[in-house]
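Encoded as structure tokens, the structure appears first; notes follow it.
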Amino acid sequence: MILIFNTIIDGKARDYFTGRIAPRITSGRTFQIMYLEDDLPKAEEFSHLLITGSELSAATGSKWDEKIITVIKLFLQAAKPVLGICHGHQMIARAIAGDDVCRRAPEPEFGWKRMEITDNALFTGIVEPVFLESRYDEVCNLPLDFRIIAYNGKAEVQAFQYGDLPVWGVQFHPEMLLEDGNRMLEKHLEKNPPDRKFRVDELSDPAAVEHNLTIFENFFRMQNPA
Numbered sequence: 456m457i458l459i460f461n462t463i464i465d466g467k468a469r470d471y472f473t474g475r476i477a478p479r480i481t482s483g484r485t486f487q488i489m490y491l492e493d494d495l496p497k498a499e500e501f502s503h504l505l506i507t508g509s510e511l512s513a514a515t516g517s518k519w520d521e522k523i524i525t526v527i528k529l530f531l532q533a534a535k536p537v538l539g540i541c542h543g544h545q546m547i548a549r550a551i552a553g554d555d556v557c558r559r560a561p562e563p564e565f566g567w568k569r570m571e572i573t574d575n576a577l578f579t580g581i582v583e584p585v586f587l588e589s590r591y592d593e594v595c596n597l598p599l600d601f602r603i604i605a606y607n608g609k610a611e612v613q614a615f616q617y618g619d620l621p622v623w624g625v626q627f628h629p630e631m632l633l634e635d636g637n638r639m640l641e642k643h644l645e646k647n648p649p650d651r652k653f654r655v656d657e658l659s660d661p662a663a664v665e666h667n668l669t670i671f672e673n674f675f676r677m678q679n680p681a
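Our numbering applies: residue 456 is where the sequence shown begins, and numbers increase by one.
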């Protein structure tokens, strides 16, 4: 069974992820949702950990940081595959390498952005690497035991793998298809009009976004080689 740690704060967005997005990205696999207020899980009861994005800031911190990091460490110690999205990506980096590997970005990113990706098992089948970005924070200064597997002109760490372990973080949102992503962007920009100047659209083929879900298929097939 997969554990999805839903760390979204907004009630409607949290419920939408649980009810619509989680079933889509798991493709019929059995999963359980954990929320921030829930008890700590027993990692041995699950095959994988997926951590969602969140409105929380990994750079400035929140009251939930200790709990999120504890959950990540439980799964790392149990040698389970782990994948973090956006804030989840940043918190995995912090859990492993400490607080200094996450900071406020010089400029935020909003919109559909093209990535440079490396040859990595997580990206098998991705031929048009354009993903939704919605972030203020970024991962930085990673130790050498991290491998940077995606980047662009705005951030040197758009995705990483921790050594050769099945532990990944992606700064972007591969779970968001075109309609979902545009809705999320517009909702944010309506609330934060100054961020409109940072919006970009590098998506030339909207149909290509559907293939981004391949990342989850790749991840859920992974097992720890140990």
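Where a beta carbon is used, it is the ideal one built from N, C-alpha and C, also for glycine.
Taking residue i as the reference, which of the options has the closest Cα?
i: Trp567; options: Asp520, Val655, Arg484 and Thr515; result: Val655
i: Ile476; options: Asp465, Gln626, Pro621 and Ile459; result: Ile459
i: Gly543; options: Pro584, Ile506 and Asp554; result: Ile506
i: Ser509; options: Trp623, Ile463, Ile527 and Gln545; result: Ile463
Roughly how far, in whole angstroms, is the beta-carbon of residue i from the beta-carbon of residue j, given that I think they are within contact range, below 8 Å?
i: Ile547; j: Gly539; result: 4 Å
i: Val625; j: Asn596; result: Not quite, the Cβ-Cβ distance comes to about 18 Å (not below 8 Å), so this is no contact.
i: Ser512; j: Tyr591; result: 7 Å
Tell me the DSSP secondary structure of residue i in three-state form.
i: Ile581; result: coil
i: Asn673; result: helix
i: Ala681; result: Confidence in Ala681 is poor, its pLDDT being 49 and thus under 50, which makes the residue's placement too unreliable to answer from.
i: Ala468; result: helix
i: Ala663; result: helix
i: Ile477; result: For clarity, residue 477 is Ala in the given sequence; the question names Ile instead. DSSP places Ala477 in helix when its eight states are reduced to three.
i: Gly636; result: helix
i: Ala614; result: strand
i: Lys642; result: helix
i: Ala552; result: helix
i: Gln626; result: coil
i: Ile523; result: helix
i: Leu511; result: coil
i: Arg651; result: helix
With which residues is residue i paired in a DSSP beta bridge?
i: His503; result: Ile457
i: Ala605; result: Ile572 and Ala614
> Would you call the stretch 529 to 538 and the stretch 479 to 492 touching, i.e. three or more CB-CB distances under 8 Å?
Replying inline: no
>> So, does the stretch 639 to 651 touch the stretch 613 to 621, judging by three or more C-beta pairs under 8 Å?
In response: no
> Is the number of C-beta pairs between the stretch 628 to 641 and the stretch 598 to 609 that are closer than 8 Å three or more?
Replying inline: no
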